[in-house]
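Reading through the structure tokens given below for one structure.
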Amino acid sequence: MTKRPLDILEQVLNREPVFISLKGGREIRGILQGYDVHMNLVLDRAEEETEDGVVKLGTLIVRGDNVIYISPSIE
């Protein structure tokens, strides 16, 4: 049976880091703490890679309209 997108998110919820690409070229990684059907996301230990290095953001709420894609993170 084919997995649905929300089923895949449920597998990594509170367990593994996820990688999120946002509109505007920003990329964020963190532990997915929660989400809804609009792809609003709550991340813990969020961090963003910039040209100057890694910026730690802590707990972050991402509005679903800004999400291009989300995938399990490769450490």
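Numbering (UniProt numbering), first residue to last: 1 to 75.
Where is the CB? At the ideal position from N, CA and C, for every residue including glycine.
None of these values were measured; they are calculated from a predicted model.
Tell me which residues share the same chain as residue i and place their Cβ nearer than 6 Å to its Cβ, disregarding the 5 neighbours each side in the sequence.
{"i": "T59", "result": "D44"}
Hey, residue i and residue j are a contact pair by Cβ (cut 8 Å); roughly how many whole angstroms apart?
{"i": "V62", "j": "L41", "result": "4 Å"}
{"i": "L57", "j": "E49", "result": "Actually they are not in contact, since the Cβ atoms of L57 and E49 sit about 11 Å apart, beyond 8 Å."}
{"i": "F19", "j": "E27", "result": "7 Å"}
Between which two residues does the alpha helix (DSSP H) holding residue i run?
{"i": "G12", "result": "The sequence given here has Val at residue 12, not Gly. P5 to V12 is the span of the alpha helix (DSSP H), which, as asked, contains V12."}
Excluding the 5 residues preceding and the 5 following residue i in the sequence, name in chain order all residues of the same chain whose CB lies nearer than 7 Å to its CB.
{"i": "P72", "result": "V12, E16 and V18"}
{"i": "K23", "result": "N66 and I68"}
{"i": "S21", "result": "E27, I68 and Y69"}
Could you tell me if residue i is buried or exposed, where buried requires 16 or more neighbouring beta carbons within 10 angstroms of its beta carbon?
{"i": "I70", "result": "buried"}
{"i": "R29", "result": "buried"}
Which residue marks the beginning of the beta strand (DSSP E) containing residue i, and which one marks its end?
{"i": "residue 89", "result": "The question about residue 89 has no answer here: the residues shown for the chain are numbered 1 through 75."}
{"i": "D44", "result": "L41 to T50"}
{"i": "T2", "result": "First-last for T2: undefined, no H or E at that position."}
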